[in-house]
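Some notes on the structure that comes next.
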Amino acid sequence: ITIDGKDVREIKIEDLRRLIGIVTQDAILFNDTIADNIAYGMPSASREQIIEAAKQANAHNFIVDGRHPDGYDTFAGEKGFRLSGGEKQRISIARALAKNTPILVMDDSTSALDMETEHEIQKTLHGLNHTTKLIIAHRISAVRHADEIIVLENGSIHERGTHEELMQKRGLYYATYLSQYGAYTAPGVADSHKKEA
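Counting with this note's numbering, you get residues 223 to 419 for the letters of the sequence shown.
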């Protein structure tokens with residue numbers, strides 16, 4: 223694996239970690255305020271930067287709309303138990319956006335979100351032109367606008383291409399698209415279409 227042509231094995235681990243922001247499916251939050259959870263990867267972040275990251279992650283409204291009386295100063299609880307799954311994911315996304323790294327890895331990080339919220343976050347991610355985004359997902363909606371989509375099956379690359387190219391191939395990606403969007407599966411499409419991309 224190389225970053226800008228340099229083998230990652232030649233990069234100090236602490237330098238490599240500074241280059242990468244990670245958002246996992248199971249958001250890791252601390253028993254601290256929402257603001258401090260967002261600023262965790264960037265402790266020097268100002269309140270304005272924290273709020274901007276929360277807005278980009280579509281989290282600002284639920285933080286200030288009264289559901290959490292102390293707003294950004296609300297304690298999330300151990301592992302974020304005072305927040306819903308979707309709220310935790312959005313705070314985790316805000317944390318990664320606040321860190322503002324050149325590489326962002328999102329591992330099924332919108333799985334607990336409704337489609338509308340996911341769409342808003344996808345628009346934000348699409349606008350991060352300075353960031354290389356690696357999105358690992360089961361939902362087609364999370365990856366359909368990617369420059370390249372790699373479809374894995376049983377640990378091996380099954381297909382690769384853009385959304386349009388993969389739809390034209392009418393293979394596993396196409397079948398997964400049909401199954402997720404409730405479309406009629408044409409005769410000849412294997413039962414494997416139930417598997418996720």
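Cβ coordinates follow ideal geometry from the N, Cα and C atoms, glycine included. Only a predicted model underlies this, so the values are computations on that prediction, with no experimental measurement involved.
Distance CB(residue i)-CB(residue j) smaller than 8 Å
| i | j | result |
| --- | --- | --- |
| Gln402 | Ile362 | yes |
| Gln278 | Leu319 | yes |
| Thr346 | Pro324 | no |
| Thr339 | Gly308 | yes |
| Ala298 | Ile256 | yes |
| Ala281 | Ile313 | yes |
| Lys380 | Leu374 | The sequence shown places His at residue 380, rather than the Lys named in the question. Yes, the pair counts as a contact, with Cβ atoms nearer than the cut-off. |
Residue closest to residue i, alpha-carbon to alpha-carbon, out of the options
| i | options | result |
| --- | --- | --- |
| Asn259 | Lys355, Ile285, Glu232, Arg240 | Ile285 |
| Leu335 | Ile325, His360, Pro324, Tyr399 | His360 |
| Ile273 | Thr332, Leu356, Lys321, Ile242 | Lys321 |
| Arg269 | Ile358, His380, Tyr294 | Tyr294 |
| Ser333 | Gly377, Phe297, Ala249 | Ala249 |
| Ala267 | Ala364, Asp287, Ala316 | Ala316 |
| Thr246 | Ala397, Ser378, Ile357 | Ile357 |
| Lys355 | Asn376, Ile343, Met328 | Met328 |
Span of the beta strand (DSSP E) around residue i
| i | result |
| --- | --- |
| Ser333 | Counting along the chain, Ser333 falls outside any beta strand (DSSP E), and DSSP gives it neither H nor E. |
| Val245 | 242-245 |
| Thr354 | 354-358 |
Opening and closing residue of the alpha helix (DSSP H) in which residue i lies
| i | result |
| --- | --- |
| Glu309 | 307-321 |
| Arg366 | Looking at the DSSP string, Arg366 is not in any alpha helix (DSSP H), and its letter there is neither H nor E. |
| Ser378 | Taken as a continuous stretch (DSSP letters only), Ser378 belongs to no alpha helix (DSSP H), being part of the beta strand (DSSP E) at 378-383. |
| His282 | 282-286 |
| Arg392 | Looking at the DSSP string, Arg392 is not in any alpha helix (DSSP H), and its letter there is neither H nor E. |
| Lys277 | 269-278 |
Cutoff 6 Å; reference residue i; Cβ partners in own chain excluding five residues on either side
| i | result |
| --- | --- |
| His385 | Arg366 |
| Ile225 | none |
Cut-off 8 Å between Cβ atoms - residues of its own chain near residue i, not counting five sequence neighbours on either side
| i | result |
| --- | --- |
| Asp413 | Note on Asp413: pLDDT 42, under 50, position unreliable in the model; no value is reported. |
Cut-off 7 Å between Cβ atoms - residues of its own chain near residue i, not counting five sequence neighbours on either side
| i | result |
| --- | --- |
| Glu300 | Asn253 |
| Gln311 | Ala249, Ser331, Thr332, Ala334, Leu335 |
Residues bridged to residue i (per DSSP)
| i | result |
| --- | --- |
| Leu326 | Gly243, Lys355 |
| Phe297 | Thr255 |
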